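Protein chains in written order, with our numbering: chain E, 118 to 290; chain P, 12 to 204. No residue lacks a Cβ here, since even glycine has one placed at the ideal position from N, Cα and C. These figures come from a predicted structure and were not determined experimentally. The block underneath contains the structure these notes are about, expressed in structure tokens.
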Amino acid sequence: MWKWLIPLSVVPVVGLLAYGFRTDPRAIPSPLVGRPAADFALRTFDGNAVRLREHRGKVVVINFWASWCHPACYDEAPALERSWRAYRDREVVVIGVAIQDRDDASRKFISDFSLSFPNAPDPGGRVSVEYGVYGVPETYFIDRQGRIRLKHAGAVSDDLFKRQVEQLLEEAA
Amino acid sequence: MKSYRRRLSAILGLGWLLAALGPPLIGVPAGASWAARPLVRVAAAAEPPGETALSPSLPEGRSAATRVPEAIVHEVASQLRCVVCQNLSVADSPSEMANQMREIVRQRLAAGETPEQVIRYFVDRYGEWILLSPAPHGLNLLVWIAPALAVLVGLAIVASLIRRWTRPAHPAPAQPVDAALRERVRQELGQRR
């Protein structure tokens, strides 16, 4: 009995370890994907109002970021700005939401990367909780019908942005 | 070889026990963290000046006017996982995110929601991952059963080893005595008498 018990005892432990090492800890599935995106209204750092509902019919990309999120937010900021400039005339909207950040630090981040798409703070974290954000950066791609189609955890690249937005643009409004 | 096997068995037995008891004792990392997060709270005075013209965290037509006992807020918050922490509840975490989540819990309770509805609100947005104690159904049952099973296996291994180690050694089986030798012993004993 002992002859088999010892090797058999190791099997579940090894299996558990193998599962743990093969699983991406960032890939926590969001229950929001496929569901209508919650409406919100924020005031941007420039003092303008931005409301999600007003962009119905367009492809909307919501990016949650923070100036202390280094290096991921610093890596993706130029890519987001480039992508926004490339798609802004094709009914694509990018909205940046700064969470858990100081106002001066957020403004410096926006200035350093010359971000021209609307960026707003999230007082009280209400919008980030509404979107089930558990870290930064996180980006949500919303289709023309206002449904969340993808939640991406981690830095957004030019390729990822292009791939997702092109796919959503191809779909009928 | 026997000694090596005993040691290995003892280690495995202890391993099973630790596997069962370890996570609550040493703390299991909670969820993912892919960006450095500030460990200090953002001071309330540094709150960004922007305002939400629409507060999506409150149900429409409800306001957070009622005062809610802090014990109820704590009870609900203690069931929710702090999303930026390691194995801490929203009630226990000093992080800014947990602070914001506690405030949302407070506001929703004040708006007339039951504790179950508030918890459902967070589960709807974060999934069951947000619950510190996963609901005991489906695959989640493994989380509840595995520790007890590991304790039983560990105890069985340790008990079996203790029984082996404390068992009195078997007397050596009697060797057949040569008939001539027996006769010689008998004669010598007879002469002494």
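- prompt: Going by the CB atoms, is the gap between Y248/E and A155/E shorter than 8 Å?
  reply: It is a contact, given that the beta carbons lie within the stated cut-off.
Chain-ordered residues of the segment 135-154 of chain P with a beta carbon less than 7 Å from chain E: D135, R136, Y137, G138, W140
- prompt: Under 8 Å Cβ-Cβ, which residues of chain P neighbour G263/E?
  reply: Residues of chain P passing the Cβ test: none, with the nearest at roughly 14 Å.
query: So who's on the other strand from K268/E, going by DSSP bridges?
result: Y257/E
- prompt: Which runs of the alpha helix (DSSP H) fall wholly inside the segment 197-229 of chain E and span at least 4 residues, in chain order?
  reply: 220-229
task: Rounded to whole angstroms, what's the CA-CA distance from L134/E to G149/P? Just pull it up for me.
output: 21 Å
Within chain E, the residues that V94/P reaches when beta carbons sit closer than 7 Å: Y251
field: Contact check, R264/E vs E288/E, beta carbons under 8 Å
entry: Contact flag unset, no.
Selection of the segment 264-275 of chain E by Cβ proximity to chain P, strictly under 7 Å: A270, G271
- prompt: Can you name the start and end residues of the beta strand (DSSP E) that L172/P belongs to?
  reply: Per DSSP, L172/P belongs to no beta strand (DSSP E); it is in the alpha helix (DSSP H), 152-177.
message: Taking the alpha carbon of P240/E as the reference point, which residue from T256/E, A144/E, Q217/E has its own alpha carbon closest?
response: Q217/E
field: Residue of S223/E, N180/E, S245/E, R219/E minimising C-alpha distance to F278/E
entry: N180/E
For F278/E, the first and last residue of its enclosing alpha helix (DSSP H): Residues 275-287.
task: Measure the alpha-carbon distance for I141/P versus V209/E and round it to whole angstroms.
output: 32 Å
query: Is there a Cβ from chain E that is less than 8 Å from the Cβ of Q202/P?
result: Output row for Q202/P: interface = no.
- request: Compare the Cα-Cα distances from Q118/P to each of S104/P, Q97/P, L143/P, H85/P and report the closest residue.
  value: In this structure, H85/P is the residue among S104/P, Q97/P, L143/P, H85/P with its C-alpha nearest to the C-alpha of Q118/P.
field: Backbone secondary structure at V178/E - three-state DSSP
entry: strand
field: Sequence-distant residues of the same chain with beta carbon closer than 6 Å to S184/E, five excluded per side
entry: D218, A222, S223, F226, listed in sequence order.
- request: Could you please give the first and the last residue of the uninterrupted alpha helix (DSSP H) stretch that includes R92/P?
  value: That residue, R92/P, is in no alpha helix (DSSP H); it is neither H nor E in DSSP.
field: Residue span of the beta strand (DSSP E) that contains R168/E, given as start and end
entry: Counting along the chain, the beta strand (DSSP E) containing R168/E begins and ends at 166-168.
- prompt: Using the C-alpha atoms, what's the distance from L172/P back to M112/P?
  reply: 50 Å
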